[in-house]
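This report refers to the structure that appears directly beneath it.
Number of protein chains: 2
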Amino acid sequence: LFENQFLTKEAIAEHHILGQIFDTYWLVSFSDKLFMIDQHAAHEKVIYERLMKRLKEKQSMTQTLSPPMIISLSKSEQETAYRFEQELLEIGFVFEPFGGNEFSISGIPADLYGMQEAELFYEVLDGLMNEHPSKVNDAILSKIASMSCKSAVKGNQRLSDEEAKYLIEELLRLDNPYNCPHGRPTIIAFTKYEIERKFKRIIS
Amino acid sequence: LFENQFLTKEAIAEHHILGQIFDTYWLVSFSDKLFMIDQHAAHEKVIYERLMKRLKEKQSMTQTLSPPMIISLSKSEQETAYRFEQELLEIGFVFEPFGGNEFSISGIPADLYGMQEAELFYEVLDGLMNEHPSKVNDAILSKIASMSCKSAVKGNQRLSDEEAKYLIEELLRLDNPYNCPHGRPTIIAFTKYEIERKFKRIIS
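Each protein sequence line maps, in turn, to chains A and B. Counting in this note's numbering, the first sequence runs from 1 upward without gaps. Counting in this note's numbering, the second sequence runs from 1001 upward without gaps.
Right, here's the structure in full:
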């Protein structure tokens, strides 16, 4: 269904955004296909891939918190934080002890807009806490997926045309834009051929 | 799939035309459905229903030819023309003898833009010529269908947004807008539910 050459830079320039239906799905025509794009799944995918790319290239991108946020961690949370300090740093968390059980968080992963910063840190620690060291990469991946999901725009949430355009272009540039990190589709494609068959312009 | 209440006047006012794909199909959202409308089949249907309505209400609507067109008819064509004069008048043909084998055509059915007037008349006579009188109504219907088809806008033929809007509204006001006179679909509908299932937002 999806040929790879579709997603060349030239190709992306030629797509045309028709509009949105049900406040959630964007209709995009491209060459001889019609795409329906789920804005939530698309955003989730785009955030996930941004985070994954940085993780792979070891260039964490941090959103600086100024002033830093002071939070209390339990003993087991502290232990987890130290144990996975490197991994947490790689996804963008910057923290240091602040005396007693308190920690100062001065950076969180970029792109995770709209989440409670403290909640985010607790949740990631919680996800890592009981992991066997050999599975820590999977745990990080799964956390990134769930963080992406939480911070992604929802269905029914208003996107401007400009935001939609930006999101769709970023999605279509990905190597595999077709599934969100949870495996749900981001794009449903209808070919011209399929549509012509439905209209009985082609009989077969 | 299609509830009748959809097509009330209020409902029609609420549809939203998103745009066109493949130079042929118009995407229209309405409430919790997405419609794809084939512009050729839609136009064919609309022309057909206009002609049928007039035929039923015995109000023929004629497009006056000025000056009238003079054409020659063979003996058997003349005989057919006289035999079905009433029926021909009802669909909008106005003609009278003009001496010898010549006839003066001063009116042809309205809405059949872009057809050669002479060709149209010959073709209708030809369709009626060998019909058994009991089947003449069917023959007229089938001729109206084929005339509608010929004079309808084609796929890939440029419609302005204004023309498309007018066509779509007229289509949606019909009692049964969903099939062209040849039985091909004019509209393919996708419900929100179907789309959500495709995106696995609904699992069943």
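The beta-carbon is built from N, C-alpha and C at its ideal position, and this holds for glycine as well.
- Message: Give me the chain A residues within the contact set of Phe1121 of chain B, using Cβ-Cβ distance strictly less than 7 Å, ordered along the chain.
- Response: Within the second sequence, residue 1121 of chain B is the residue found at index 121, counting from 1. Those do not exist, as Phe1121 of chain B stays about 30 Å from chain A at its closest Cβ, beyond 7 Å.
- Which first and last residues belong to the beta strand (DSSP E) in which Glu96 of chain A is found? Counting from 1 along the first sequence, the entry for residue 96 of chain A is found at position 96. Where Glu96 of chain A is concerned, the enclosing beta strand (DSSP E) stretches over 94-97.
- Residue from A:Leu73, A:Phe121, A:Cys180, A:Glu77 with nearest C-alpha to Val94 of chain A: To locate residue 94 of chain A, count along the first sequence from 1; it is residue 94. Measuring C-alpha to C-alpha distances from Val94 of chain A to each of A:Leu73, A:Phe121, A:Cys180, A:Glu77 identifies A:Phe121 as the nearest.
- Query: Would you call the CB atoms of Leu1112 of chain B and Met1147 of chain B closer than 7 Å?
  - Reply: As a working mapping, residue 1112 of chain B is identified with position 112 in the second sequence. As a working mapping, residue 1147 of chain B is identified with position 147 in the second sequence. Their beta carbons are under 7 Å apart, which means Leu1112 of chain B touches Met1147 of chain B by this criterion.
- Message: Helix, strand or coil, according to DSSP, for His16 of chain A in the structure here?
- Response: Within the first sequence, the letter at position 16 stands for residue 16 of chain A. His16 of chain A: strand per DSSP, three-state reduction.
- Query: Taking the alpha helix (DSSP H) that Met52 of chain A falls in, what are its first and last residues?
  - Reply: Indexing the first sequence from 1 puts residue 52 of chain A at position 52. Annotation for Met52 of chain A: the continuous alpha helix (DSSP H) segment containing it runs 39-56.
- Given Ser74 of chain A, which residues of its chain have a CB within under 8 Å of its CB, disregarding the five upstream and five downstream residues? Against the first sequence, residue 74 of chain A aligns to sequence position 74. A distance below 8 Å between beta-carbons, with the five flanking residues on each side excluded, links Ser74 of chain A to the following residues of its chain, in chain order: Asn101.
- Item | Rounded Cβ spacing between Ile91 of chain A and Leu125 of chain A (contact assumed at less than 8 Å) | Counting from 1 along the first sequence, the entry for residue 91 of chain A is found at position 91. Counting from 1 along the first sequence, the entry for residue 125 of chain A is found at position 125. Not quite, the Cβ-Cβ distance comes to about 12 Å (not below 8 Å), so this is no contact.
- Query: Which partner residues does Ser1072 of chain B have in the DSSP bridge list?
  - Reply: As a working note, residue 1072 of chain B is residue 72 in the second sequence. Answer by DSSP bridge pairing, in chain order: B:Glu1102.
- Query: When the Cα atoms are used, what is the spatial distance from His1015 of chain B to Phe1035 of chain B?
  - Reply: Walking along the second sequence from the start, residue 1015 of chain B turns up at place 15. Walking along the second sequence from the start, residue 1035 of chain B turns up at place 35. Spanning the two alpha carbons is a distance of roughly 10 Å.
- Test: Ile1021 of chain B CB closer than 7 Å to a CB of chain A: As a working mapping, residue 1021 of chain B is identified with position 21 in the second sequence. Using a CB distance cut-off of 7 Å, Ile1021 of chain B counts as an interface residue toward chain A.
- Please go through the same chain and pick out, in chain order, the residues whose beta-carbon is closer than 8 Å to the beta-carbon of Phe2 of chain A, but skip the five residues on each side of it. Residue numbering aside, residue 2 of chain A sits at position 2 when the first sequence is read from its first letter. Its pLDDT being 43, under 50, Phe2 of chain A is placed unreliably in this model, and the value from its coordinates should be taken loosely. Cβ neighbours of Phe2 of chain A beyond the five flanking positions: Tyr178, Ala189.
- At a CB-CB cut-off below 8 Å, which residues of chain B make contact with Pro133 of chain A? For the purposes of this step, residue 133 of chain A is taken as residue 133 along the first sequence, with counting starting at 1. At a C-beta separation below 8 Å, Pro133 of chain A has no neighbours in chain B, since its nearest C-beta there lies roughly 33 Å away.
- Query: Would Asp38 of chain A count as contacting chain B if we go by Cβ distances under 7 Å?
  - Reply: Counting from 1 along the first sequence, the entry for residue 38 of chain A is found at position 38. Interface residue, yes.
- Item | Min CB distance Arg1184 of chain B to chain A below 7 Å | Translated into positions along the second sequence, residue 1184 of chain B becomes position 184. Interface residue, yes.
- Message: If I measure Cβ to Cβ from Arg1184 of chain B and keep anything under 6 Å in the same chain, skipping five residues before and after, which residues do I get?
- Response: As a working note, residue 1184 of chain B is residue 184 in the second sequence. Only Ala1041 meet the Cβ criterion.
- Once you ignore the five residues that flank Phe22 of chain A on each side, which residues in its own chain have a CB closer than 7 Å to its CB? One-based indexing of the first sequence puts residue 22 of chain A at position 22. For Phe22 of chain A, where only same-chain residues beyond five positions count, there are no Cβ hits under 7 Å.
- Task: From the DSSP output, read off the bridge partner residues of Tyr1189 of chain B.
- Result: Position 189 of the second sequence, counted from the first residue, corresponds to residue 1189 of chain B. One detail in the question is off: residue 1189 of chain B reads as Ala in this sequence, not Tyr. Within the DSSP bridge table, the entry for Ala1189 of chain B names B:Phe1035 as partners.
- If you draw a straight line from the alpha carbon of Ile1017 of chain B to that of Glu1163 of chain B, how long is it in whole angstroms? Translated into positions along the second sequence, residue 1017 of chain B becomes position 17. Translated into positions along the second sequence, residue 1163 of chain B becomes position 163. When the Cα atoms are used, Ile1017 of chain B and Glu1163 of chain B turn out to be separated by approximately 12 Å.
- Task: Please list, in chain order, all residues of the same chain as Val1153 of chain B whose beta carbon is under 7 Å from its beta carbon, the five residues on each side excluded.
- Result: Looking up residue 1153 of chain B in the second sequence gives position 153. For Val1153 of chain B, where only same-chain residues beyond five positions count, the Cβ hits under 7 Å are Gln1039, His1040, His1043, Leu1159.
- If we count the other Cβ atoms within 10 Å of its Cβ and call it buried at 16 or more, is Thr64 of chain A buried or exposed? Against the first sequence, residue 64 of chain A aligns to sequence position 64. Under this definition Thr64 of chain A is an exposed residue.
- Interface residues of the stretch 1038-1052 of chain B facing chain A [CB-CB below 8 Å]: With the criterion set as a beta carbon lying under 8 Å from some beta carbon of chain A, the members of the stretch 1038-1052 of chain B are Asp1038, Ala1041, in sequence order.
- Task: Can you grab the Cα-Cα spacing for the pair Lys192 of chain A / Leu172 of chain A, in whole Å?
- Result: One-based indexing of the first sequence puts residue 192 of chain A at position 192. One-based indexing of the first sequence puts residue 172 of chain A at position 172. CA-CA distance, Lys192 of chain A to Leu172 of chain A, rounds to 19 Å.
- Backbone CA spacing between Met1129 of chain B and Lys1053 of chain B [nearest angstrom]: Here residue 1129 of chain B refers to the residue found at position 129 of the second sequence. Here residue 1053 of chain B refers to the residue found at position 53 of the second sequence. When rounded, the distance between both Cα atoms is 24 Å.
- Query: If you measure from the beta carbon of Leu171 of chain A to each beta carbon in chain B, is any gap under 7 Å?
  - Reply: Taking the first sequence and counting its residues from 1, the one referred to as residue 171 of chain A is at position 171. Not an interface residue.
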